[in-house]
Structure formats: structure tokens, C-alpha cells
Amino acid sequence: MLCLLAVGVVALGVAANAAPAKRQVAQASGPVALEQIVAAGDSVFALAADQRGVYEWSKHQDNWQKVKGDAQKLYAGGGSVYAIEPGRGDISKYGGNPGQWNRIGGPGATFAATSKHLYGISPDGSEVREYTGRGETWNKVGGRAKNLYTGPDSTLYATNPDTGNLYKYNGQWSAVGGPGATFAVTDNNLYGLTPDRTSVVEYDTGKKKWNKVGGPAGNIFASNTLYATSLGTGDLFKYNGRPNLWNRISGPAAAFATSGDHLYRLAPDHRSVQKYDGNGATEEWATLGAPAAGPAPSAEAKTALYKSWNQLGDESRKAWTTARDEHLRGVPDPYGFRWSTNYCNLSRDIPFKEFDFRDACARHDFLSRNYRDMYGEKAFSNNPDGQRHIDTILREDMRDTCKDRAPVVKQSCEGTAWTYYTVVADVSAIPDSFNPKGWFKELAEGFAGPPWMR
């Protein structure tokens, strides 16, 4: 049976409870092999297969970041993440910054978390306990139990170790139903998988009965939405809220994890994580890659690589383009560069659609943002290889886009490139809040162009 369906985790082939011996996994250069993923808030966390590292990917950062060393297992609920420590199996809570983990309790048979509460079963299975949020203090809230299930909010469910019957805790315990292969809780509903896995059922709280909403399934898990894996193939299906209406959105994976409306999967080879990017009826996934194996490169190596990309000319441009293509394919970046781009805040409104300067803008954003990260704002503004130099690279990269055009089109292209360049130079690295409406009128009515065209 699957524990912690509260945060929607399906880890195929991974023990539900903590403390398997550490496995020695060969770490070739490339992505780290991953054992488990959990989702919390807007982040996904991954545990290395050798249990030597915990990593975080967030929409607020471009690369995987190591946030913890050794751990046996991860749990998550709401925006919180918990780790089972090596050795005894104590539980720690993530404080939000790399290395910031606080011990909040001793070992447990299993744990389950909501956005507000953390529950656990004592190691011998004799008690259900609730964390008070203070130090390492837990209160007993129930007797013997085998598995715990929670949803995004506060309700806790537990199964009786003898009968498998399901009970609900909301300050007091009440019986809900008989045994099931597993259960899952969304923000509004409780679901179960029949013991023989032939039917997915939904609990009607008013009539106190279970209604069939789906057929055979290998597992079910949920956060705001219910998902089920196919009993035969392992394919993933999303429940549409009406009985027997399900959409296939993924093939099989080593694991799935969900938080809120976010859904992630761990590739079957355990070396890549993807985030669901579809509309609920399509199979579209964005690659997040995986952490890079091995020690991080030195600051000197990162500086040298950046300088090789911050040069005028074809060789530097091609080298940076190759590295960016690898990043877009999900190849881990061991240097931790910032690859995010808003394409000069221009691409979505470009009046001259035939001139695509997005690659040039992406390089300009990369060089500007990483220069500031590495050397500071003052150096960016004043150093000879800073702002003005990077703006010049933008101009040359845009002109390179124009070089193979027919003469008349090339002239128009270079004129547009010059206008882009002057605007970008005027506003420096273009903050995200910049709204270049003023010069769109110039582009629409006819630009002055560079000096050689006037």
C-alpha cells in the first residue's frame, strides 16, 4: 500500500517506509540517478538513488540546487518538506534554505502531511501522533494504525492494522468504510481503490456510501486532482470529475508527485524529471532535467567559461548556443548559471515577425544577468566587458540573424536590429518591468535605422 497519498506521491518499486540500506550507485558524469520525488508548493524535491543528497527544483530558479546531504526518505505536504535522517530515522523539516533542516521528532513507521499538520505513526504502530509545531513535541491523537492518508487541507485518514478498515480523524475518529488497496484525498473528496484493484471509488459523505468512478488501476494518488496509474501498462490517467471520464496524460514512469495543480514524473531511467505542461487532456511535459553528478566546478572554472561566452565573434556565439541547446534539452548545468530569459521583453510583440531576434536576446539576458550575479552591479555598469560590451554582442548577434537575407530584406532587418540595439542600450539589461511601448510606434511608422542607412 502506498503511504503519503496526501501529497500525491507514487514511487513504484520504492519501499513505503524508511530505512533500506544505502545502495551504491555508479555516478558517471551527467545527471544524478534519483530514487524518489515529492512536490511541495511550486517546487519538486528529489532524493538521490544513493541517498547522499536531496535536491530542489523551483520555478524561481533555473537549475537543481542541493539542499541537503544524506536522507533515507522524503515526505511533503502543502509547502513543507520533511526528510527521514540516516541512522535512527529521525524526522527533520526543511527551513527553506540549503542546509537548513531542523530535527522535529524521532523515528516513525510512516508520516503524512497536510498544509497545516504533520502526522506520524509510532515505530511499533501503536499510536497515531500529531506534531505540535513546537520543538520536538508530538501529541497522541489515535491508537493502532497501519497507513495514513491526508489531503491538501486538514483531514486525516488511517487504516486499522487488523481489518484494513478506514477511519477519519477531524478532532474525533469516525468509521468511513472497509479496506482498500489504497486511498487518496483531494481538496474536496475521498477516493479508494478496491482491494482487488478492479475499481476506483469515490466516497459520498452525504449518503455515506462509495460510488464507482473508474475501472482497474495500479495505484491512485491526488492533491487538488485525482490521478490513477493503469494496472497493466503503468500509464497515467487524470480524473475529470465525472464517473468513468479519464484522460491519459502520460506513459509509465518511475514515480509521480503532485502538489496543488502541479504534477511531476520521474523518468523510467531515474535520470530526468518532467513537469506536466498540458491542459489536462494532452500529454505535454516540460523537461526539468536532473541534478548534475559529481562535485560542483570551481568558481575559477565558471568564470573562465563565462568569459569564453562573453566574446564577440562566431566562435563564442556558437559555443554559447550549443550550451543553451543542451540546457533546453534538460542536460544538467553543473555551473549553476542563470538561463532564464524574457527575450528582451520584445518577442511577444515584435511588429516585424520575419526577423526573429529571440536567440540574440536570450544570450543578452544570459550574459547580463550572470555578469551581475558574478561581479555585481557596479562592475556591470563600469567594466569594459560589462554592459556596453554585452550590448555590442547583442547588436552583432542580431546582425548575424540578418546576414543571409536578400539585400533589400537584409537592409530592413539590420535597421530593425539597430532599433532593438539602441532601445536595449538605453535601458541597460532591460528589467522585467520594462514596457517598450514608446518605440513600437517608431517601429510601426518607420524607424530611422543605423547611421549607414540614414
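Residue numbering for the sequence shown follows our numbering, starting at 6 and increasing by one per position. Yeah, the Cβ is synthetic: ideal placement off N, Cα and C, and Gly gets one too.
Can you tell me whether residue i is buried or exposed, with buried defined as 16 or more other CB within 10 angstroms of its CB?
i: residue 536; result: What the structure shows of the chain is the stretch from 6 to 459, and residue 536 is not part of that stretch, so it cannot be assessed.
i: residue 408; result: exposed
i: residue 250; result: exposed
i: residue 241; result: buried
i: residue 214; result: exposed
i: residue 43; result: buried
i: residue 78; result: buried
i: residue 45; result: buried
i: residue 11; result: For residue 11, the predicted structure reports a pLDDT of 35, less than 50, and the residue's modelled location is therefore unreliable. A value from the coordinates is still provided. Buried.
i: residue 294; result: buried
i: residue 428; result: buried
i: residue 386; result: exposed
i: residue 317; result: exposed
i: residue 375; result: buried
i: residue 53; result: buried
i: residue 227; result: buried
i: residue 100; result: exposed
i: residue 391; result: buried
i: residue 417; result: buried
i: residue 354; result: In this prediction, residue 354 scores a pLDDT of 46, lower than 50, which makes its location untrustworthy; no coordinate-derived value is stated.
i: residue 56; result: buried
i: residue 414; result: exposed
i: residue 182; result: buried
i: residue 209; result: exposed
i: residue 472; result: Any question about residue 472 goes unanswered here, given that the chain covers just 6 to 459.
i: residue 238; result: exposed
i: residue 233; result: buried
i: residue 369; result: buried
Tell whether a beta-carbon distance below 7 Å holds between residue i and residue j.
i: residue 205; j: residue 222; result: yes
i: residue 171; j: residue 164; result: yes
i: residue 365; j: residue 319; result: no
i: residue 50; j: residue 40; result: no
i: residue 68; j: residue 285; result: no
i: residue 344; j: residue 332; result: yes
i: residue 114; j: residue 130; result: yes
i: residue 276; j: residue 236; result: no
i: residue 421; j: residue 360; result: yes
i: residue 191; j: residue 231; result: yes
i: residue 346; j: residue 328; result: no
i: residue 119; j: residue 82; result: yes
i: residue 153; j: residue 174; result: no
i: residue 75; j: residue 63; result: no
i: residue 218; j: residue 248; result: yes
i: residue 260; j: residue 271; result: yes
i: residue 162; j: residue 116; result: no
i: residue 166; j: residue 151; result: yes
Return the Cβ separation of residue i and residue j in integer angstroms, given the expectation that the two are a contact with Cβ distance under 8 Å.
i: residue 3; j: residue 200; result: With the chain represented from 6 up to 459, any question about residue 3 goes unanswered, as that position is not in the structure.
i: residue 229; j: residue 265; result: 6 Å
i: residue 257; j: residue 273; result: 6 Å
i: residue 88; j: residue 73; result: 6 Å
i: residue 262; j: residue 37; result: Going by Cβ atoms, the distance from residue 262 to residue 37 rounds to 17 Å, so no, they are not a contact pair.
i: residue 243; j: residue 254; result: 5 Å
i: residue 132; j: residue 110; result: Between residue 110 and residue 132 the Cβ distance is about 13 Å, and since that is not below 8 Å, they are no contact.
i: residue 302; j: residue 339; result: 6 Å
i: residue 379; j: residue 425; result: That pair is no contact at about 25 Å.
i: residue 430; j: residue 396; result: 5 Å
i: residue 348; j: residue 363; result: 5 Å
i: residue 155; j: residue 144; result: Actually they are not in contact, since the Cβ atoms of residue 155 and residue 144 sit about 16 Å apart, beyond 8 Å.
i: residue 460; j: residue 178; result: Nothing about residue 460 can be reported from this structure: the residues present for the chain run from 6 to 459 only.
i: residue 291; j: residue 280; result: 5 Å
If you measure from the beta carbon of residue i to each beta carbon in chain D, is any gap under 7 Å?
i: residue 64; result: In the displayed structure, chain D is absent; only one protein chain is listed.
Taking only heavy atoms of the ligand GDP into account, decide whether any of them is closer than 6 Å to the Cβ of residue i.
i: residue 312; result: Absence of the ligand GDP is noted for the structure shown, with no ligands found whatsoever.
Minimum length 3: unbroken beta strand (DSSP E) runs contained in the region 181-266: 187-190, 195-198, 205-209, 214-219, 224-227, 231-234, 241-244, 251-255 and 260-264
Whole alpha helix (DSSP H) elements within the region 293-341, 4-residue minimum: 304-314 and 319-333
Residue ranges of each alpha helix (DSSP H) within the region 123-158, 4 or longer: none
Completely contained alpha helix (DSSP H) runs for the region 35-59, where each covers 4 or more residues: none
Secondary structure, alpha helix (DSSP H): runs of 4+ residues fully inside the region 373-441: 382-387, 392-407 and 412-431
In chain order, each beta strand (DSSP E) run of at least 3 residues that lies wholly inside the region 82-115: 85-89, 96-99 and 106-110
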